Amino acid sequence: MSKTRRKQAMHDLQDLGEALVALDPKALAKLDLPERLADAVAQARGITRHEARRRQLQYVGRLMRDVDPAPIRAALERLEGLGQAERTHFAAAERWRDRLLAEAGALDAFLAQHPGVDRAELAALVVDARAERAAHRPPHRFRALFRVIAGAIET
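Count along the sequence shown from 1, then add 796; that gives the number in my numbering.
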């Protein structure tokens, strides 16, 4: 292997280590990393000074050389895919909420696609959310409407 390829492989491992540092602690705990690597990643999170953080990330990259990166990459891609699915679900629920609040016939269209939703509850939430918005009150019913829609879309 040429020196250039070895350096590129080390940079890739360091980038993978940076991705581990960026993960939230719950997701990181699910990865089942070796103890030394997990400790180094946790320490890197707490370091804010630029040069110290850079050195710690290099150390994480060095520890990554002793670990098979394929399962870690696969887990990160799986987590990223879940994040994308959640964002798509959230956006769909937002679109339905906005449509229900803006259009009169949207309630029937939503119920046609999601027949398990209680029509009376949903209609009441739509009316209450419109009234909240008009009166510039805190968005309690607006959020409750979103939760009902998100729950219906999920099933």
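C-beta atoms are modelled at their ideal positions from N, C-alpha and C, and glycine is treated no differently.
Since we're looking at a predicted model, the values are computed, not measured.
- Using a Cβ-Cβ distance cut-off of 8 Å, the segment 813-825 and the segment 841-854 are in contact, since at least three pairs of beta carbons, one from each stretch, lie closer than that value.
- In the DSSP assignment, Asp-820 falls outside any alpha helix (DSSP H), carrying neither H nor E.
- Assigned with DSSP and collapsed to three states, Asp-808 falls in helix.
- If you check the CB distance, Ala-889 and Arg-895 do not come in under 7 Å.
- The shortest C-alpha to C-alpha distance from Leu-897 to any of Leu-853, Asp-924, Leu-812, His-846 is the one to Asp-924.
- For Pro-865, the enclosing alpha helix (DSSP H) stretches over residues 865-898.
- Distances from the alpha-carbon of Glu-882 to those of Glu-950, Met-797, Ala-805 put Glu-950 closest.
- Exclusion of the five residues before and after Leu-872 leaves Ala-815 as the residues of its chain whose Cβ lies within less than 7 Å of its Cβ.
- Following the DSSP letters along the chain, one finds Gly-842 inside the alpha helix (DSSP H) bounded by residues 831-842.
- In this structure, Arg-937 keeps its C-beta atom at 7 Å or more from the C-beta atom of Leu-918.
- At least 7 Å separates the beta-carbon of Val-913 from that of Ala-866.
- The Cβ-Cβ distance between Tyr-855 and Ala-836 falls below 7 Å.
- Rounded to the nearest angstrom, the gap between the Cα atoms of Ala-905 and Phe-886 is 19 Å.
- Non-local beta-carbon contacts of Gln-810 in its own chain, meaning distances under 6 Å to residues more than five positions away in sequence, involve Gly-857 in chain order.
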